[in-house]
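Presented below is the structure to which this report refers.
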Amino acid sequence: MPHTGPSTARAALPARGAAVRPAGWAVCLDGVAVNVRRAPVLRDLDLRLPTGAVLGVLGANGSGKTTLLRLLATLAVPSAGRAEVLGHELGGPGVPDIRTRIAMVGHLPALYPQLTLAENLHFVARLTGRSDEAADRALAAVGLAGAAARRAEGCSQGMARRADLARVLLTEPSLLLLDEVHAGLDHGAADLVDQLVGQVRARGGTCVLVSHEPERLAGLADRLVRIVDGRALPEVAP
Ligand SMILES: Nc1ncnc2c1ncn2[C@@H]1O[C@H](COP(=O)(O)OP(=O)(O)OP(=O)(O)O)[C@@H](O)[C@H]1O
Numbered sequence: 001m002p003h004t005g006p007s008t009a010r011a012a013l014p015a016r017g018a019a020v021r022p023a024g025w026a027v028c029l030d031g032v033a034v035n036v037r038r039a040p041v042l043r044d045l046d047l048r049l050p051t052g053a054v055l056g057v058l059g060a061n062g063s064g065k066t067t068l069l070r071l072l073a074t075l076a077v078p079s080a081g082r083a084e085v086l087g088h089e090l091g092g093p094g095v096p097d098i099r100t101r102i103a104m105v106g107h108l109p110a111l112y113p114q115l116t117l118a119e120n121l122h123f124v125a126r127l128t129g130r131s132d133e134a135a136d137r138a139l140a141a142v143g144l145a146g147a148a149a150r151r152a153e154g155c156s157q158g159m160a161r162r163a164d165l166a167r168v169l170l171t172e173p174s175l176l177l178l179d180e181v182h183a184g185l186d187h188g189a190a191d192l193v194d195q196l197v198g199q200v201r202a203r204g205g206t207c208v209l210v211s212h213e214p215e216r217l218a219g220l221a222d223r224l225v226r227i228v229d230g231r232a233l234p235e236v237a238p
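Mapping to the UniProt record's numbering: the sequence shown position 19 is 19, numbers consecutive.
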């Protein structure tokens, strides 16, 4: 039986290998374990995130927050449990579809260093069936129109982060994953992040934000979890 929405009981999860269609859950993790270089990082992790929700993820250094985002981004595979993202089982045939519908902004910019910012964005635009003009508009929207001709390797960390945000603007993901994305940003860029989350949500998309700043998450997230001992424990709602 496919997932039907946020009220679906854990026992109603489809059998392994059964067809799954997109439904009311953006993320369904049941008893998931993830090892990093054979060491257990996440274990017996349960997490249900309804489509359209904004989840804030807290946790100590090394607790596994980035590993959780990497799992949701299909960059890590569960070693136990069931994991579904955007209606597809991780490790299953739907992974390419997930990848076209997610965007992750992490610690390192997802830019080719020797390409200019404009070339980087045009590349993404062409890969995703969008126009160069749309890419230019996204760059302008994050305040980088004047830096479009600069190579990514010559940009500051904050500028590179802004270019990453332009990529998100351009690709309009169904699931946005942000890993400590406010770190090192000036007020203007931090506001851009907040606006971006609002835009994704306004289109019915879902966001997962990792941060060490509970007060930052309080203004954005509608639910919070804390990663402790490899599990996601609910926090008091912001
Ligand atoms: N490439 C790697 N090789 C070995 N161990 C790793 C690697 N990446 C992560 N780990 C380990 O996995 C665990 C979880 O790391 P992760 O980056 O998910 O934590 P985090 O909660 O995001 O930490 P932080 O708040 O410091 O960014 C840590 O114990 C870390 O040492």
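Cβ coordinates follow ideal geometry from the N, Cα and C atoms, glycine included.
If you compare alpha carbons, which of Ala166, Thr66, Gly52 is closest to Asn35?
-> Thr66
For Val41, verify whether its CB is less than 6 Å away from any heavy atom of ligand 2.
-> With respect to ligand 2, the structure offers nothing, as its ligand set consists of ligand 1.
Excluding five sequence neighbours on each side, which residues of the same chain lie with their C-beta closer than 6 Å to the C-beta of Leu233?
-> Arg226
Pairing CB atoms from the segment 113 to 126 with CB atoms from the segment 156 to 171, are three or more of them under 8 Å?
-> yes
Leaving aside the five residues before and after Ala148 along the sequence, list all residues of the same chain whose C-beta is less than 6 Å from its C-beta, in chain order.
-> Leu117, Ala118, Leu139
In this structure, what does DSSP give as the bridge partners for Ala103?
-> Leu176
Classification of Glu89 by the beta-carbon crowding that lies within 10 angstroms, buried from 16 upward = buried
Within 10 angstroms of its Cβ, does Ala60 collect 16 or more other Cβ (buried), or is it exposed?
-> exposed
Element boundaries [beta strand (DSSP E), containing Glu84] = 80 to 85
How should Leu177 be labelled, buried or exposed, when 16 other C-beta atoms within 10 angstroms of its C-beta is the threshold for buried?
-> buried
Please name the residue in Thr100, Val32, Leu47, Gly56 whose C-alpha comes closest to that of Leu224.
-> Gly56
Three-state secondary structure assigned by DSSP to Pro93 = coil
Counting pairs of Cβ atoms below 8 Å between the segment 39 to 48 and the segment 190 to 203, do you hit three or more?
-> no
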